[in-house]
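Chemist:
Numbering (this note's numbering), first residue to last: 2 to 501.
1. Do residue 337 and residue 104 have their CB atoms nearer than 8 Å?
2. What does the alpha-carbon distance come out to for the pair residue 76 and residue 284?
3. Counting beta carbon pairs with one atom in the region 185 to 198 and one in the region 122 to 141, are three or more of them shorter than 8 Å?
4. Quick one: grab the DSSP three-state call for residue 62.
5. Between 340, 354, 348, which lies nearest to residue 326 when the distance is taken from Cα to Cα?
6. Should residue 199 go down as buried or exposed, given a rule of 16 or more other Cβ atoms within 10 Å for buried?
7. Looking only at its own chain, which residues have a Cβ that is under 7 Å from the Cβ of residue 445, when we skip the five neighbours before and after it?
8. Using a Cβ-Cβ cut-off of 8 Å (strictly less than) and excluding sequence neighbours within five positions of residue 371, which residues of its own chain qualify?
9. Report back the beta-carbon spacing between residue 33 and residue 43 to the nearest angstrom; my notes put them in contact at under 8 Å.
10. By DSSP, does residue 141 sit in helix, in strand, or in coil?
11. Using the DSSP secondary-structure output, state which residues sit across from residue 79 in a beta bridge.
12. Please give the ranges of any alpha helix (DSSP H) in the region 109 to 165, keeping only runs that are unbroken, at least 4 residues long and fully inside the region.
13. Assuming residue 144 and residue 135 form a contact by the criterion Cβ under 8 Å, report the distance between their Cβ atoms to the nearest whole angstrom.
14. Give the single residue among 78, 83, 288, 212 whose Cα lies nearest to the Cα of residue 109.
15. Cα separation between residue 346 and residue 99?
16. Would you kindly check if the distance between the Cβ of residue 69 and the Cβ of residue 344 is under 8 Å?
17. Less than 6 Å between C-beta atoms, sequence neighbours within five positions excluded: which residues of the same chain meet that for residue 331?
18. Which same chain residues end up closer than 7 Å to residue 369 when comparing Cβ atoms and leaving out the 5 residues on each side of it in sequence?
19. Using CA coordinates, which residue listed in 220, 373, 203 is at the minimum distance from residue 38?
20. Hey, residue 351 and residue 341 are a contact pair by Cβ (cut 8 Å); roughly how many whole angstroms apart?
21. If you draw a straight line from the C-alpha of residue 400 to the C-alpha of residue 361, how long is it?
22. Mind checking which residues open and close the alpha helix (DSSP H) that includes residue 523?
23. At the level of alpha carbons, what is the spacing between residue 15 and residue 218?
24. Is it buried or exposed for residue 113, if we count other Cβ within 10 angstroms and need 16 for buried?
25. Check residue 57 in the structure and name its three-state DSSP category.
26. By the 10 Å Cβ neighbour count, where 16 or more other Cβ atoms means buried, how is residue 157 classified, buried or exposed?
27. Taking the CB atoms as reference points, tell me whether residue 205 and residue 288 lie closer together than 8 Å.
28. With a CB to CB cut of under 6 Å and the five nearest residues on each side skipped, what residues in its chain are close to residue 380?
29. What separation, rounded to the nearest whole angstrom, lies between the Cα atoms of residue 214 and residue 365?
30. Of the residues 220, 122, 241, 83, which one's Cα is nearest the Cα of residue 229?
31. Smallest Cα separation from residue 117: which of 394, 153, 328, 53?
32. Pull the bridge partners of residue 175 from the DSSP assignment, please.
33. Suppose you measure from the CA of residue 187 to the CA of residue 212; what does that come to, to the nearest Å?
34. What whole-angstrom Cβ distance do residue 208 and residue 132 have, given they're in contact under 8 Å?
35. So what's residue 443 in DSSP terms, helix, strand or just coil?
36. Using three-state DSSP, classify residue 373 as helix, strand or coil.
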């Protein structure tokens, strides 16, 4: 008897716990320390508030907002439970649809878009929190407002539970009620503090800020030369003070008086080389753009341009979709579930929030592809495809339509007339077959002419016949075979005219 196969042991508990991490666990404090290296060396007690300076930078704040709004600006939908479980979107039950519609109505009735915009600041800070203000309405529990809370106000326990820092408890913080706060962690699934882009942006912003400061000093030196005052040996303090006052007066006055024993010179600033402070600042801005957007095309180049900038724009699209998926997963596990639990207790399957972050197709390019497939190749395509692809509603029965309908009708009549004429041109199929068989063709080309004649009889136009031939006989590119085919077509047409 064969030995029974046993399932290997499964370890369900977390082994590499945070308590064992020597970098972020502060044992006796019973809380986790943020392992951000920039905060440890540069915060000087500010904590995550340090990254507010990054957000205040004009360029850094702009590209961060661009990345966040790229997600918030997308359309979203609440998908019913059954549709959310399976791909293909099967029809949901009436109750599942009711639950999904209710959740969607609750979210649309509050500042949901603003809340999504604020919680996505986790991209900068590493994590961000929202506080949900619930209120009873009729027989339901709905959201009155969602408030964004700065991450500097929270710490985490070794069990990754958030706690609120208060004046009464500024070290370990206070416990938070359930179904009240939503936290989005970005960049690190193991560390509840996340790993925000602030770590990458702080130094470029810092270098640029100080570069601008030195740039202003540089401009002042070139705009107003440095004044040098000379006094003779043995000059007393009072005379030196008078000379200094005279030098300071030069900055504001057009003239001055001073003893003839003293002298004033202007030192013109001189420089060598081509590197400027502006180049330094522009370089730092490019580094900021790459860190936030994954490229620089949308801030300095021409998005959509053929070549490298087009590929750069695609990278940014991937970041948008990744941020949207992360946000949807967070809200589906928290806010969406809480709304259902409060209003539909006992529900086993929950609806899912879905943000449609995929890039919209280029309809002009798609229309050219469709034209090639349908007109040039002759691929049969249903009209429903075009209505769905281009977002055009199908006309109702009897509804007046626009478009070149007369041309389409005329083309249809032309096809019918051509087919009818073809039937009259070839009444004696047997005689034509004998003429075809009399042609001298290569053995591998036998059988081509008979199908050709059949297509001429039933064909709608010369172009359609040619397209069908190219698809059925790829080897027709051979010059010799083309010549023989041309002679055969000429023979078929001549025979038809003689028997008309």
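All residues carry an ideal CB built from backbone N, CA and C; glycine is no exception. Since we're looking at a predicted model, the values are computed, not measured.
Modeler: With the structure as the only source:
1. Residue mapping note: residue 337 aligns to position 336 of the chain shown, counting from 1. Residue mapping note: residue 104 aligns to position 103 of the chain shown, counting from 1. Against a cut-off of 8 Å, the Cβ pair of residue 104 and residue 337 comes out as a contact.
2. The sequence position of residue 76 within the chain shown is 75, counting from 1. The sequence position of residue 284 within the chain shown is 283, counting from 1. Roughly 35 Å between the two C-alpha positions.
3. yes
4. Start at 1 with the first residue of the chain shown, and residue 62 comes out as number 61. Residue 62 falls in the helix class under three-state DSSP.
5. The residue labelled residue 326 in the question sits at position 325 within the chain shown. Nearest option by C-alpha distance: 354.
6. Against the chain shown, residue 199 aligns to sequence position 198. Buried is the call here.
7. Taking the chain shown and counting its residues from 1, the one referred to as residue 445 is at position 444. Per-residue confidence for residue 445 stands at a pLDDT of 39, beneath the threshold of 50, marking its modelled position as unreliable; no derived number is given.
8. Working through the chain shown from its first residue, we reach residue 371 at position 370. Counting only Cβ-Cβ distances below 8 Å, and skipping sequence neighbours, we find 382, 387, 390.
9. The residue you call residue 33 lines up with position 32 of the chain shown. The residue you call residue 43 lines up with position 42 of the chain shown. In fact, because the Cβ distance is near 20 Å, the residues do not count as touching under 8 Å.
10. Indexing the chain shown from 1 puts residue 141 at position 140. Strand.
11. The residue labelled residue 79 in the question sits at position 78 within the chain shown. Its beta-bridge partners are 354.
12. 113 to 120, 123 to 126
13. Numbered from its first residue, the chain shown carries residue 144 at position 143. Numbered from its first residue, the chain shown carries residue 135 at position 134. At roughly 6 Å, the Cβ-Cβ gap stays under 8 Å, so residue 144 and residue 135 are in contact.
14. Along the chain shown, read from residue 1 onward, the residue named residue 109 stands at position 108. Here the closest residue by C-alpha is 78.
15. Here residue 346 is taken as the residue at index 345 of the chain shown, counted from 1. Here residue 99 is taken as the residue at index 98 of the chain shown, counted from 1. Whole-angstrom Cα-Cα distance: 14 Å.
16. As a first step, residue 344 must be located in the chain shown, where it is residue number 343. As a first step, residue 69 must be located in the chain shown, where it is residue number 68. The answer is no: Cβ separation not under 8 Å.
17. For the purposes of this step, residue 331 is taken as residue 330 along the chain shown, with counting starting at 1. Excluding sequence neighbours, residue 331 sits near 185.
18. Numbered from 1 along the chain shown, position 368 holds the residue referred to as residue 369. Taken in chain order, the list of residues that qualify is empty.
19. Numbered from 1 along the chain shown, position 37 holds the residue referred to as residue 38. For the residues 220, 373, 203, the minimum Cα distance to residue 38 belongs to 203.
20. For this step, residue 351 is matched to residue 350 along the chain shown. For this step, residue 341 is matched to residue 340 along the chain shown. Residue 351 to residue 341, Cβ: 5 Å. Contact.
21. By 1-based counting over the chain shown, the position of residue 400 is 399. By 1-based counting over the chain shown, the position of residue 361 is 360. Straight-line Cα distance between these residues: approximately 30 Å.
22. There is no way to answer for residue 523, as the model of the chain reaches only from 2 to 501.
23. Taking the first residue of the chain shown as 1, we reach residue 15 at position 14. Taking the first residue of the chain shown as 1, we reach residue 218 at position 217. Whole-angstrom Cα-Cα distance: 56 Å.
24. Your numbering for residue 113 matches position 112 in the chain shown. Answer is buried; the Cβ neighbour count reaches 16.
25. To locate residue 57, count along the chain shown from 1; it is residue 56. Helix, per DSSP.
26. Indexing the chain shown from 1 puts residue 157 at position 156. By the neighbour-count rule (16 or more Cβ atoms within 10 Å), residue 157 is buried.
27. Here the question's residue 205 lines up with position 204 in the chain shown. Here the question's residue 288 lines up with position 287 in the chain shown. Taking 8 Å as the Cβ cut-off, residue 205 and residue 288 qualify as a contacting pair.
28. Walking along the chain shown from the start, residue 380 turns up at place 379. 374.
29. Taking the chain shown and counting its residues from 1, the one referred to as residue 214 is at position 213. Taking the chain shown and counting its residues from 1, the one referred to as residue 365 is at position 364. Approximately 49 Å, taken between the alpha carbons.
30. The residue labelled residue 229 in the question sits at position 228 within the chain shown. That would be 241, whose Cα lies nearest to the Cα of residue 229.
31. The residue given as residue 117 occupies position 116 in the chain shown. Checking every option, the nearest Cα to that of residue 117 belongs to 328.
32. For the purposes of this step, residue 175 is taken as residue 174 along the chain shown, with counting starting at 1. According to DSSP, residue 175 bridges with 165.
33. As a first step, residue 187 must be located in the chain shown, where it is residue number 186. As a first step, residue 212 must be located in the chain shown, where it is residue number 211. Those two C-alpha atoms are separated by around 30 Å.
34. Position 207 of the chain shown, counted from the first residue, corresponds to residue 208. Position 131 of the chain shown, counted from the first residue, corresponds to residue 132. Wrong, their Cβ atoms sit about 36 Å apart, outside the cutoff.
35. Numbered from its first residue, the chain shown carries residue 443 at position 442. Model confidence at residue 443 stands at a pLDDT of 42, short of 50, so the residue's coordinates are unreliable; what they give is reported in the following sentence. The answer is coil: DSSP assigns residue 443 none of H, G, I, E or B.
36. Position 372 of the chain shown, counted from the first residue, corresponds to residue 373. DSSP places residue 373 in helix when its eight states are reduced to three.
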